[in-house]
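Enquirer: Mind looking over this structure? Questions follow.
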Amino acid sequence: MFLAAMWLDIVWPVLLLAGLESVRVEPGITRVTPFDFVSYPYSHSLLFAGFWGIGFGAAVWLATRDKTYAVVAGLLVPSHWLLDWIVHREDLPLYPGSGKFGLGLWHSLSATLAAEFLVFGCGLLIYWRKTRARDRIGSYGLAGLAVFLVVMYGLSLVATPPSDPQALAVGSLSVLLLVLWAWWVDRHRVVVE
Numbered sequence: 000m001f002l003a004a005m006w007l008d009i010v011w012p013v014l015l016l017a018g019l020e021s022v023r024v025e026p027g028i029t030r031v032t033p034f035d036f037v038s039y040p041y042s043h044s045l046l047f048a049g050f051w052g053i054g055f056g057a058a059v060w061l062a063t064r065d066k067t068y069a070v071v072a073g074l075l076v077p078s079h080w081l082l083d084w085i086v087h088r089e090d091l092p093l094y095p096g097s098g099k100f101g102l103g104l105w106h107s108l109s110a111t112l113a114a115e116f117l118v119f120g121c122g123l124l125i126y127w128r129k130t131r132a133r134d135r136i137g138s139y140g141l142a143g144l145a146v147f148l149v150v151m152y153g154l155s156l157v158a159t160p161p162s163d164p165q166a167l168a169v170g171s172l173s174v175l176l177l178v179l180w181a182w183w184v185d186r187h188r189v190v191v192e
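The sequence shown begins at 0 in numbering that gives the first Met the number 0 and counts up by one.
In structure tokens form, the structure reads like this:
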């Protein structure tokens with residue numbers, strides 16, 4: 000589920016490195032992020048988010064044969080677009096070549112922080128209530144991951160962004176390490192019935 004929610008942001012740097020999508024660093028474009036997402040129709044259009052979700056859900060079904068799990072994972076992928084739509088400026092296409100949309104919450108730091116921490120906190124609370132630690136890794140690993148995510152988010156707000164889009168893409172792929180961390184923690188937790 001962690002991977003599904005982040006899938007579009009994992010596909011994006013790959014397509015950026017392949018030259019199929021583009022971004023510019025433009026400090027001050029919003030209060031929260033300096034990135035001008037010039038073109039990302041294959042990773043962040045609503046249409047392709049749906050395609051990615053179908054593919055992701057199908058892969059989960061093939062791996063698990065669990066229909067519910069596959070449907071939820073598949074729906075999580077395009078839910079990323081809906082949450083991006085709230086925070087992004089008008090840069091999200093519905094489909095390649097369409098007009099661009101976004102409510103622009105990133106223009107307000109306080110509103111962005113409130114929204115981001117509300118979503119993060121709710122997700123963490125749901126996971127914490129629906130699972131329990133089997134051992135210390137399941138307990139401390141989850142706490143460590145949550146703290147690390149909050150700290151890294153805070154640092155991302157004040158760090159100087161890379162000026163080279165290729166460096167940004169390579170750095171963005173480091174998020175895969177967080178997926179491994181989440182998987183490792185999850186292996187040490189059990190679902191509470």
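The beta-carbon is built from N, C-alpha and C at its ideal position, and this holds for glycine as well.
#1: Counting pairs of beta carbons, one from the segment 126 to 138 and one from the segment 177 to 187, are three or more of them closer than 8 Å?
#2: Could you give the residue range of the alpha helix (DSSP H) that holds arginine 135?
#3: In chain order, what residues of the same chain have a beta carbon less than 7 Å from the beta carbon of leucine 198, not counting five sequence neighbours either side?
#4: With 16 other CB atoms within 10 Å as the buried threshold, where does tyrosine 94 fall?
#5: Report the rounded CA-to-CA distance for leucine 108 versus lysine 99, giving the unit in angstroms.
#6: Helix, strand or coil: how does DSSP classify arginine 128 here?
#7: Looking at the structure shown, is valine 24 part of a helix, part of a strand, or coil, going by DSSP?
#8: State the beta-bridge partners of leucine 91 as determined by DSSP.
#9: In whole angstroms, give me the CA-to-CA distance for histidine 43 and serine 173.
#10: Give me the DSSP bridge partner(s) of serine 38.
#11: Please report the straight-line C-alpha distance between phenylalanine 34 and threonine 159, rounded to a whole angstrom.
Expert: With the structure as the only source:
#1: yes
#2: 135 to 157
#3: The question about residue 198 has no answer here: the residues shown for the chain are numbered 0 through 192.
#4: exposed
#5: 22 Å
#6: helix
#7: strand
#8: Phe100
#9: Taken atom to atom, the span from the alpha-carbon of histidine 43 to that of serine 173 is near 19 Å.
#10: Ser21
#11: 12 Å
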